[in-house]
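Asks: One structure is given below, represented as structure tokens, and several questions about it will come after.
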Amino acid sequence: HDAAAVQRFGEDILPLVLLFAITLTGLLLWVSYTWMHGSGYEFLAILHAITVIFTLLWLPFGKFFHIFQRPAQLGVAFYKDTGEAGEQAHCRRCGDAYASRMHVEDLIEVEKQLGYRYDIADESIEHYQWICPRCRRSILALAQSKVYRESESWSESLRREPAHGQTRW
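Numbering (this note's numbering), first residue to last: 9 to 177.
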């Protein structure tokens with residue numbers, strides 16, 4: 009199936025509802041002050057403040073998120089610069105440089121700490137992270153091709169005649 013547009017309540021509808029709630033409570037403040045001579049103004053002011061604060065805290069990539077995001081971006085930029093200045097990691101399948109050695113070693117360490125084990129029995133490779141992304145895709149395609157060729161559907165598809173107007177391959 010083609011990629012379909014998916015609408016999720018929490019990501020697409022809720023932000024609109026929250027913005028509408030801010031607008032509505034703000035208008036109710038004005039109505040209370042102007043036409044109702046301040047009746048219920050205290051309650052509406054607190055409700056409006058809670059609505060605004062909740063919206064700012066909830067919205068991802070909102071104003072408060074940048075307090076944490078900006079320093080993290082600086083740290084990532086520093087990490088990348090340090091990695092580029094250092095030794096590069098070379099793919100143990102094709103030999104091409106694909107990332108900084110520091111980055112690959114850090115990934116291996118973090119994966120071990122999280123309980124992920126991508127060690128490879130072949131001592132010349134040692135770990136899956138020492139394979140570049142292009143070779144990973146190649147290895148995956150070769151493995152899937154091998155499984156498909158060994159299955160019955162592969163041999164059946166070779167014997168079966170193609171449908172009218174279609175070629176075998």
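The beta carbon of each residue, even a glycine, is placed where N, CA and C say it ideally should be.
1. For D114, does the three-state DSSP call read helix, strand or coil?
2. For the 8 angstroms Cβ check, are there 3 or more pairs between the region 72–85 and the region 123–132?
3. Looking at the structure shown, is S153 part of a helix, part of a strand, or coil, going by DSSP?
4. Once you ignore the five residues that flank L67 on each side, which residues in its own chain have a CB closer than 7 angstroms to its CB?
5. Using a Cβ-Cβ cut-off of 8 angstroms (strictly less than) and excluding sequence neighbours within five positions of E92, which residues of its own chain qualify?
6. On the DSSP bridge assignment, give the partners of Q81 in chain order.
7. Taking E95 as the reference, give the member of H111, R101, F17 with the closest Cα.
8. Comparing alpha-carbon positions, which option in L37, C102, S132 lies nearest S47?
9. Which of the three DSSP states is assigned to H135 in this structure?
10. Tell me whether Y41 sits in a helix, a strand or coil according to DSSP, three-state version.
Replies: A quick look at the data gives this:
1. In the structure shown, D114 sits in a helix (DSSP, three-state: H, G or I).
2. no
3. Correct three-state label for S153: helix.
4. P23
5. S108
6. Looking at the DSSP assignment, Q81 forms no beta bridge with any residue, so it has no partner.
7. H111
8. The residue with the shortest Cα to Cα distance from S47 is L37.
9. strand
10. In the structure shown, Y41 falls within a helical segment according to DSSP collapsed to helix, strand and coil.
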